[in-house]
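What follows is a set of notes on a single structure, which appears directly below.
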Amino acid sequence: MFLAPLSVPQPLTDINVLLGQPGTFNLTCDAFPTPKVTWFFNDTELKNSPKHKIETKQNVFSLTVNKCDHPDVGIYRAHIDNG
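Okay, so the sequence shown: first residue is 1 according to this note's numbering, each after it adds one.
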């Protein structure tokens, strides 16, 4: 079994979103085994819901916040774990 160290060639960056529009955070992460990414908003873990859409496509991990409003302003972060 081969392991590859964790590499984050595209880290999270701040985004600005118009009121009522979706905002998407993208994180590119390379590692083996494939990492698990957990998303947080102000230290609260986020799950898939009508408000939050969490997706993984190959090595790109995305969080979309739908219909952004004032309560959605805060600190978003991703915890990356590949065991």
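Quick reminder that beta carbons are idealized off the backbone N, C-alpha and C, glycines included.
{"Asked": "Through-space distance from LYS36 to ASP81, alpha-carbon basis", "Found": "5 Å"}
{"Asked": "Proximity of VAL60 and ASN26 at Cβ, strictly below 8 Å", "Found": "yes"}
{"Asked": "Spatial distance of LYS51 from PHE32 (CA atoms)", "Found": "30 Å"}
{"Asked": "Inter-residue spacing [alpha-carbon to alpha-carbon] between PRO11 and THR28", "Found": "7 Å"}
{"Asked": "Short Cβ contact (8 Å threshold) for ASN42 with ILE75", "Found": "yes"}
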